[in-house]
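>
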Amino acid sequence: MPEEGTDLPSEFDAIILGTGLKEGIVSALLSVHGRRVLHLDRNGFYGGDCASLTLPQLFEHFGEKLPEKHGFGAPNEWNIDLIAKFILSDGDLTKMLRHANCLQYLEFGRVSGSFVYTNKQIHRVPTTTKQALESKLMGLLEKKRMANLFTDIGNYVDNPNAESPLKKNDRDPRVTTMNEYFDAYKLAQSTRDFIGHAMALYLDDSYLTQPAYPTLHRINLYAESVNRFGQSPFIYPLYGLGDLPQAFSRVAAVWGGTYMLNRPVDEVLFEGTATDAKVAGVRCGKDVFRAPILVGDPSYFPNLVRNIGRIGRYICIMTGPIPVCESLSDEELDRNGSRIVQTAHQVIIPANQAPGRKSDIYVSTQGYNHRTTPKNFVLGYVSGLIEGSKDDNRVELEAGLDILKTAGIKKSFYKEYNLYAPKPEAAAMNIFISESYDATSHFESTVADAIHMYETITREKLDLSTQVQRPAPPTVEE
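Just so it is clear: in the sequence shown, position 24 is 32 by the working numbering, and no numbers are missing.
Below you can see the structure in the form of structure tokens.
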């Protein structure tokens, strides 16, 4: 990476601060669409809050030191994500990776299954007709009613202008609420919870009183993601999420983006009057870099963000996967015909299944199958909003931790984080700040925030159905 005082260009179209996933996406998009980008990070590693850590780094992150005799295998075989999120195989992050030509830098593996916790039991979210018929989530008549809804949703999304049962009795998906649709199909409360939280992936129940249109598309996206690979709608990068920001960084560099790690920003520069100030660049030591656009994560702009909540996260080292999830996963054999132990699962605990909760709790696991742990170890995660309903905030996530305890927890870490969103005045200064990563176990809200920043900056609509062509190498003049 270039050092301070190196002869570098001083004028750019945009400067990006921090190498988190959102910042990496915006940097890559700006670069592949013709902008000159400078990308800085105060840290010596990529990823920010989305970094993947080694075992010693994990202990250090939580203020501890890895014991000499720790019994956790080779430290360099661990790739531990600070934030655990799976990727919808047909979601916007996958489309973004394809659009920006990032897939060549990544390898993915399937997540074995998605599950929902209801009535004090873990149930697999059905992904095939056979699984749906065998599922104990609901009775036979309820399954038929739910199937009718899914069929009507699929037909509507494919052709929204055609006649549809969703439009009967003057219903309109852009006006009619999801609650009204659930009532029309006479679905039980447990089925509504399953659809809204395990398939549409909502964090709470606020979607029920809003127009159904976005929810119908979320449900259809879930189904399309399942159809891509089977078993579950989710995939996960080998060696952890930390490779995602690096993939976007590589793409930006191919298109002329400049990256510098270990470069703290000493000053943000402005021009104009006090009441109409616009960002003009940054100063890093003796170096001044100018750009009319500044993008970064909340840690770079403490005075331009507001606190919108607090989140709690557990990271646990376990001796195996969640037994119920592993037993309900599809059987897969290795080259020798032996059964592969499935380690990657997601369990969603809807708010009304955890006493006193207003929002969902998310549980996920992954391990050697995705090269994030040595063999015979599994990483477990629990995340959820801190709602202040208990004297000890950890108790709020106890329902999730109890599920991981069945997998044999050897070591657990817990930390709480403030959630931030940009203040309105930031954009007026041409400073675009990403929101903190939420509690959900998927990346759809993350990508939506990155796309919003890109489209606000460029005033251009992003078309993820296209793929940017890699630039030809420069020719050598003879």
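Virtual Cβ for every residue (Gly too), placed ideally from N, Cα, C.
Computed from a predicted model, the values in this text were never measured in an experiment.
Among the candidates P331, G26, F385 and Q477, whose CA atom is the shortest distance from the CA of G121?
As a working mapping, residue 121 is identified with position 113 in the sequence shown. Here the closest residue by C-alpha is P331.
> Can you give the beta carbon distance from F190 to R200, rounded, assuming they're within the 8 Å contact cut?
Position 182 of the sequence shown, counted from the start, is the residue given in the question as residue 190. Position 192 of the sequence shown, counted from the start, is the residue given in the question as residue 200. With 8 Å as the limit, F190 and R200 qualify as a contact, their Cβ atoms being about 5 Å apart.
> Measure from the alpha carbon of A352 to the alpha carbon of each residue in A362, C333 and G280, then state which is nearest.
As a first step, residue 352 is located in the sequence shown; it is residue number 344 there, counting from the start. If we check each option's Cα against that of A352, C333 comes out closest.
> Which residue comes first and which comes last in the beta strand (DSSP E) that contains G388?
Locating residue 388 in the sequence shown gives position 380, counting from the first residue. Its beta strand (DSSP E) spans residues V386 to L393.
> Excluding five sequence neighbours on each side, which residues of the same chain lie with their C-beta closer than 7 Å to the C-beta of K418?
Numbered from 1 along the sequence shown, position 410 holds the residue referred to as residue 418. I325, M326 and T327, listed in sequence order.
> Can you tell which of N87, S257 and R291 has its C-alpha closest to the C-alpha of Y244?
Position 236 of the sequence shown, counted from the start, is the residue given in the question as residue 244. Closest by alpha carbon: N87.
> Given a threshold of 16 other Cβ atoms within 10 Å of its Cβ, counted over all protein chains shown, does V403 qualify as buried or as exposed?
In the sequence shown, counting from the first residue as 1, residue 403 sits at position 395. Under this definition V403 is an exposed residue.
> Could you please give me the residues that DSSP links to T266 through a beta bridge?
Residue numbering aside, residue 266 sits at position 258 when the sequence shown is read from its first letter. Paired residues: L46.
> What is the DSSP secondary structure of E31, reduced to helix, strand or coil?
In the sequence shown, counting from the first residue as 1, residue 31 sits at position 23. The DSSP-derived three-state label of E31 is helix.
> Counting C-beta neighbours from all protein chains within 10 Å, is the total for R226 16 or more, i.e. buried, or is it exposed?
Position 218 of the sequence shown holds residue 226. So R226 counts as buried.
> Select from K398, P306, F385 and I203 the residue whose C-alpha is nearest the C-alpha of A429.
Locating residue 429 in the sequence shown gives position 421, counting from the first residue. Minimum Cα distance to A429 is reached at P306.
> Using the three-state DSSP reduction, which class does F451 fall into: helix, strand or coil?
As a position in the sequence shown, residue 451 is number 443, starting the count at 1. Three-state DSSP puts F451 in coil, outside helix and strand.
> Confirm, please, whether the CB-CB distance from L114 to H450 is below 8 Å.
Residue mapping note: residue 450 aligns to position 442 of the sequence shown, counting from 1. Residue mapping note: residue 114 aligns to position 106 of the sequence shown, counting from 1. No, the pair does not count as a contact, with Cβ atoms beyond the cut-off.
> From what residue to what residue does the beta strand (DSSP E) around H353 run?
As a working note, residue 353 is residue 345 in the sequence shown. Start and end: H353 to I357.
> What residues are listed by DSSP as bridge partners for C324?
Taking the first residue of the sequence shown as position 1, residue 324 is located at position 316. According to DSSP, C324 bridges with G388 and S420.
> Of the residues G26, R314, A231 and Y221, which one's Cα is nearest the Cα of N270?
As a working mapping, residue 270 is identified with position 262 in the sequence shown. Ranking the options by Cα distance to N270, first place goes to G26.
> Taking the Cβ atom as the reference point for each residue, do H47 and I24 lie within a distance shorter than 8 Å?
In the sequence shown, the residue the question calls residue 47 occupies position 39. In the sequence shown, the residue the question calls residue 24 occupies position 16. Cβ atoms of H47 and I24: closer than 8 Å.
> Straight-line CA distance for S391 to Y210?
Here residue 391 refers to the residue found at position 383 when the sequence shown is read from its first residue. Here residue 210 refers to the residue found at position 202 when the sequence shown is read from its first residue. Approximately 14 Å between the Cα atoms of the pair.
> Within 10 angstroms of the Cβ of P17, are there 16 or more other Cβ atoms? Answer buried if so, exposed if not.
For this step, residue 17 is matched to residue 9 along the sequence shown. The residue in question, P17, is exposed, as its Cβ has fewer than 16 Cβ neighbours within 10 Å.
> How would you call N377, buried or exposed, if buried means at least 16 neighbouring beta carbons within 10 angstroms?
For this step, residue 377 is matched to residue 369 along the sequence shown. In this structure N377 is buried. Its beta-carbon is surrounded by 16 or more other beta-carbon atoms within 10 angstroms.
> Please list, in chain order, all residues of the same chain as I394 whose beta carbon is under 7 Å from its beta carbon, the five residues on each side excluded.
The sequence position of residue 394 within the sequence shown is 386, counting from 1. Cβ within range, chain order: R318, I319, G320, N401, E404 and E424.
> Identify the continuous beta strand (DSSP E) that holds Y164 and give its terminal residues.
Counting from 1 along the sequence shown, the entry for residue 164 is found at position 156. Not the beta strand (DSSP E): Y164 falls in the alpha helix (DSSP H), residues L148 to D166.
> List the whole-angstrom C-beta distance separating V45 from A458, where the pair is believed to meet the contact cut-off of C-beta under 8 Å.
As a first step, residue 45 must be located in the sequence shown, where it is residue number 37. As a first step, residue 458 must be located in the sequence shown, where it is residue number 450. That belief does not hold up - the Cβ atoms of V45 and A458 are roughly 14 Å apart, past 8 Å.
> Buried or exposed, going by whether 16 or more other CB atoms sit within 10 Å of the CB of Q350?
Counting from 1 along the sequence shown, the entry for residue 350 is found at position 342. Counting Cβ neighbours within 10 Å, Q350 comes out buried, since at least 16 surround it.
> Going by alpha carbons, who is nearest to V124 out of M146, H107, K138 and L105?
As a first step, residue 124 is located in the sequence shown; it is residue number 116 there, counting from the start. Answer by Cα proximity: M146.
> On the three-state DSSP scale, how would you describe C292?
The sequence position of residue 292 within the sequence shown is 284, counting from 1. C292: strand per DSSP, three-state reduction.
> From what residue to what residue does the beta strand (DSSP E) around Q374 run?
Sequence index remark: in the sequence shown, residue 374 carries index 366 (1-based). From DSSP, the beta strand (DSSP E) with Q374 extends over I369 to G375.
> So, with DSSP's three-state summary, where would you put G445?
If you number the sequence shown from 1, residue 445 lands on position 437. For the sequence presented, residue 445 should be read as Tyr rather than Gly. Coil.
> Enumerate in chain order the residues of its own chain whose CB-to-CB distance from H78 is below 8 Å, with the five nearest sequence positions on each side excluded.
To locate residue 78, count along the sequence shown from 1; it is residue 70. The residues L63, in chain order, have a CB closer than 8 Å to that of H78 in the same chain once the five nearest residues on each side in sequence are set aside.
> Would S372 and Q361 be called neighbours here (beta carbons separated by less than 8 Å)?
The sequence position of residue 372 within the sequence shown is 364, counting from 1. The sequence position of residue 361 within the sequence shown is 353, counting from 1. In this structure, Q361 does not lie closer than 8 Å to S372 by Cβ.
> I need the boundaries of the alpha helix (DSSP H) containing L229, first residue and last residue.
One-based indexing of the sequence shown puts residue 229 at position 221. That run of the alpha helix (DSSP H) goes Y221 to F237.
> Would you call the CB atoms of D160 and L174 closer than 8 Å?
As a first step, residue 160 is located in the sequence shown; it is residue number 152 there, counting from the start. As a first step, residue 174 is located in the sequence shown; it is residue number 166 there, counting from the start. The answer is yes: Cβ separation under 8 Å.
> So, T221 versus P181, is the Cβ gap smaller than 8 Å?
Within the sequence shown, numbered from 1, the residue matching residue 221 stands at position 213. Within the sequence shown, numbered from 1, the residue matching residue 181 stands at position 173. Position check: residue 221 holds Tyr in this sequence, whereas Thr was assumed. Yes, the Cβ-Cβ distance between Y221 and P181 is below 8 Å.
> Compute the distance between the beta-carbons of S233 and G99, then report whether it is under 8 Å.
Translated into the one-based positions of the sequence shown, residue 233 becomes position 225. Translated into the one-based positions of the sequence shown, residue 99 becomes position 91. Result yes, Cβ atoms of S233 and G99 sit closer than 8 Å.
> For Q139, which residues of its own chain have a beta-carbon under 8 Å away from its beta-carbon, when the five flanking residues on both sides are left out?
As a working mapping, residue 139 is identified with position 131 in the sequence shown. Around Q139: R132.
> Where do the ends of the alpha helix (DSSP H) carrying T199 lie?
Working through the sequence shown from its first residue, we reach residue 199 at position 191. Counting along the chain, the alpha helix (DSSP H) containing T199 begins and ends at Q197 to D201.
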